[in-house]
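These notes concern the structure reproduced below.
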Amino acid sequence: MTASIIFKEQISVEPIGKDCYRSVVPPIPMGDLADWAYGGNTLAIAVRAAYSMVAEGDHLYSISGHFVRPASQFKKLICRVEHVRESRVFKTRHLRVLQSEGNSEQLCLIATADFHIDEPDEMVTYSAHPQVEVPCSPPEETEVEKTLESGLYKNLDKFIEVRPHSAKKSGKQVPDLVSADRFRIDEPLYTEADRITALAFYMNRGLAYIPANHSGFSLFQASACATLDFALRIITHDVDLRDWHVSERQIYGAGNARALSEGRVFDTKGHLLASMTQTTILRPKKGISKI
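Residue numbers (full-length UniProt numbering): 1 to 291.
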């Protein structure tokens, strides 16, 4: 990744044909541990392409799908968009993100995105709140994140400022552990499409790794660790990631080398903005005890 690339370029697309978009720049790897592209970057391109195929006033509330294979960090991503539903209230788009490989194509992600207009009336309005107490001190006065694996988020840290405040782990069962932090993206994003795309980019961060991390294992002890499927659900499109937000991540269950995790993002008032669930494939290296 060159130093001249700004975050908005990293999540932007350009039209290259009918219902077809290409990333402005190739996707980045997450950090020093991976040679392949960061899955959140692949997802972000899908979200941004989907937004390019709806009108202003259509708001993304759900995108779910599967990572088919890792994307290369050396090739731009292509997203083909299919119109599935066109109603007055809802619009649905099916997305296929791929990369060219000679005369063939390598499919990286498939997803379905659903958009919804603002409703004039609401029957109920409420929100869950963060489980971990948020410190009173400003985020700038707390320590930066330290991981068991040096350089794990090296490239993401150039775009996203993260300050953790996770609760102590002693005496808790793995499903009761919650990793928490405050984060922001200190770059102006002027459109809803860019802001929600940036949110999707961030929310993929770390979800695949907490099943091992919360169990006391390093990623160096895993032979495979990658996201299989995901579901991002957005409560409100009123998001400005230049402000500090609260993020929490938790695992709910694991078995047969798969784990189910959830990440949640709250605003500074503790209102839930979005939730992402993921299924992760997590295999131990030979000789490592069962996670």
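No residue lacks a Cβ here, since even glycine has one placed at the ideal position from N, Cα and C.
Residues that F266 bridges to, as DSSP identifies them: Residue mapping note: residue 266 aligns to position 266 of the sequence shown, counting from 1. Answer by DSSP bridge pairing, in chain order: V246, L272.
Please list, in chain order, all residues of the same chain as R80 whose beta carbon is under 6 Å from its beta carbon, the five residues on each side excluded. As a working note, residue 80 is residue 80 in the sequence shown. Within the same chain, R80 has close Cβ partners C20, R96.
Where L282 sits in the DSSP three-state scheme: The residue given as residue 282 occupies position 282 in the sequence shown. Residue state, collapsed to three classes: strand.
If I'm right that Q73 touches A37 with Cβ under 8 Å, what's the distance once you round it to whole angstroms? Walking along the sequence shown from the start, residue 73 turns up at place 73. Walking along the sequence shown from the start, residue 37 turns up at place 37. Confirmed, about 5 Å.
Local Cβ density within 10 Å of L273, reported as buried at 16 or more and exposed below that: Translated into the one-based positions of the sequence shown, residue 273 becomes position 273. The residue is buried, with at least 16 neighbouring Cβ atoms inside 10 Å.
Run of the beta strand (DSSP E) containing V47, from where it starts to where it stops: Position 47 of the sequence shown, counting from 1, holds the residue named residue 47. Element bounds for V47: not the beta strand (DSSP E) but the alpha helix (DSSP H), 39-51.
Report the CB separation of T227 from T280 in whole angstroms; it is logged as a contact under 8 Å. Position 227 of the sequence shown, counted from the start, is the residue given in the question as residue 227. Position 280 of the sequence shown, counted from the start, is the residue given in the question as residue 280. Right, the Cβ-Cβ distance comes to about 6 Å (below 8 Å), so this counts as a contact.
Straight-line gap, L199 to R88 (C-alpha atoms, nearest Å): Mapped onto the sequence shown, residue 199 falls at position 199. Mapped onto the sequence shown, residue 88 falls at position 88. Taking the straight line from one Cα to the other gives about 26 Å.
List in chain order: all unbroken beta strand (DSSP E) runs of 3+ residues lying wholly within the stretch 95-144. 104-116
Would DSSP call I235 helix, strand or coil? Taking the sequence shown and counting its residues from 1, one reaches residue 235 at position 235. Correct three-state label for I235: coil.
Please say whether R85 and T197 have beta carbons closer to each other than 8 Å? By one-based count along the sequence shown, residue 197 stands at place 197. By one-based count along the sequence shown, residue 85 stands at place 85. No, the Cβ-Cβ distance between T197 and R85 is not below 8 Å.
Given 8 Å, three or more beta-carbon pairs between the stretch 46-63 and the stretch 220-237: yes
Buried or exposed: S179, going by 16 or more other Cβ atoms within 10 Å of its Cβ? Position 179 of the sequence shown, counted from the start, is the residue given in the question as residue 179. By the 10 Å Cβ count, S179 comes out buried.
Taking only three categories from DSSP, how would you classify T277? Position 277 of the sequence shown holds residue 277. Reduced to three states, the DSSP call for T277 is strand.
Kindly list the residues whose CB is nearer than 6 Å to the CB of G253, restricted to its own chain and excluding five residues on each side of it in sequence; keep chain order. Working through the sequence shown from its first residue, we reach residue 253 at position 253. Cβ neighbours of G253 beyond the five flanking positions: L260.
When DSSP labels each residue in this structure, what does F201 get in the three-state scheme? Position 201 of the sequence shown holds residue 201. Three-state result, F201: helix.
Taking only the alpha-carbon atoms, compute the straight-line gap between A113 and Y190 and give it to the nearest angstrom. Here residue 113 is taken as the residue at index 113 of the sequence shown, counted from 1. Here residue 190 is taken as the residue at index 190 of the sequence shown, counted from 1. Near 22 Å, if we compare the C-alpha coordinates of Y190 and A113.
Looking only at DSSP bridge pairs, what is D181 linked to? On the sequence shown, position 181 is the one that residue 181 refers to. DSSP, once it has assigned bridges, lists P164, S247 as partnering D181.
For E56, name the three-state secondary structure that DSSP assigns. To locate residue 56, count along the sequence shown from 1; it is residue 56. In the structure shown, E56 sits in coil (DSSP, three-state: anything other than H, G, I, E or B).
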